[in-house]
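Worksheet: the structure to be examined is printed underneath.
Residue numbers (full-length UniProt numbering): 1 to 160.
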């Protein structure tokens with residue numbers, strides 16, 4: 001499980017575990033990453049972060065949709081913000097099923113983008129959640145939608 005190591009990293013560098021590790025804010029030294037303006041602190045932070053990632057046991061399941069190509073190819077293309085999570089969830093379901101973990105509660109973590117985009121994505125997620133997993137008819141995806149906020153109980157976590 002990677003979460004305890006990530007929490008320890010956050011406590012070591014921020015003094016708490018609620019910070020979100022956004023690349024943009026860290027690269028631009030925006031709050032709460034202002035301390036990275038110091039070369040020594042930045043070197044220490046990056047060394048620890050790289051070590052954390054190198055030693056972590058995780059699998060990345062990703063999908064990328066080239067929106068312009070999608071629009072060019074199809075007269076009435078599907079919503080890419082529904083396609084990408086669908087692809088990822090189908091792949092994640094297969095991944096979990098292949099490891100005998102498909103019945104475990106699995107959390108999906110999605111980065112916030114904006115109120116409208118977040119609402120659209122949550123609606124798409126709920127639609128996807130009710131569709132049986134391909135290759136496993138009659139079995140809905142084992143994912144539980146959550147809008148963040150409180151601590152989640154220990155379970156599998158998938159970041160999107």
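We treat Cβ as the ideally placed atom computed from N, Cα and C, and that holds for glycine.
Rank the options by C-alpha distance to the C-alpha of residue i and give the top, closest one.
i, options, result
"residue 71", "80, 118, 54", "80"
"residue 109", "102, 115, 101, 122", "122"
"residue 68", "77, 27, 115, 61", "77"
In or out: residue i buried (at least 16 other Cβ within 10 Å) or exposed?
i, result
"residue 85", "buried"
"residue 151", "Because the pLDDT at residue 151 is just 39, under 50, the model does not fix this residue reliably, and the value given afterwards should be weighed accordingly. Per the 10 Å Cβ criterion, exposed."
"residue 66", "exposed"
"residue 154", "For residue 154, the predicted model reports a pLDDT of 39, less than 50, meaning its position is unreliable; a value from the coordinates is still stated below. It is exposed - the Cβ of residue 154 has fewer than 16 other Cβ atoms within 10 Å."
"residue 33", "buried"
"residue 15", "exposed"
"residue 104", "exposed"
"residue 7", "exposed"
"residue 148", "Low per-residue confidence applies at residue 148: pLDDT is 48, beneath 50, and the placement is therefore not dependable, though the value from the model is reported in the following sentence. Exposed, by the Cβ-count rule."
"residue 125", "buried"
Residue i and residue j: beta carbons closer than 9 Å?
i, j, result
"residue 2", "residue 10", "no"
"residue 5", "residue 36", "no"
"residue 112", "residue 118", "yes"
At a cut-off of 8 Å, would you count residue i as near the ligand ADP, judging by its Cβ distance to the nearest heavy atom?
i, result
"residue 19", "Judged by which ligands are present, the structure shown has none, so any question about the ligand ADP falls away."
Would you say residue i faces chain B, with C-beta separation under 9 Å as the test?
i, result
"residue 54", "Among the chains of the structure shown, chain B does not appear; only one protein chain is present."
State whether the region 39-57 contacts the region 83-93, with contact taken as three or more CB pairs (one from each stretch) at a distance under 8 Å. No, the region 39-57 is not in contact with the region 83-93.
Give, in chain order, every unbroken run of the beta strand (DSSP E) that is at least 3 residues long and sits entirely within the region 57-124. At a cut-off of 3 residues, the continuous stretches assigned as beta strand (DSSP E) that sit fully inside the region 57-124 are 106-109.
At 4 residues or longer, what runs of the alpha helix (DSSP H) sit wholly inside the region 4-52? Those alpha helix (DSSP H) runs which fall completely within the region 4-52 and span 4+ residues are 23-27.
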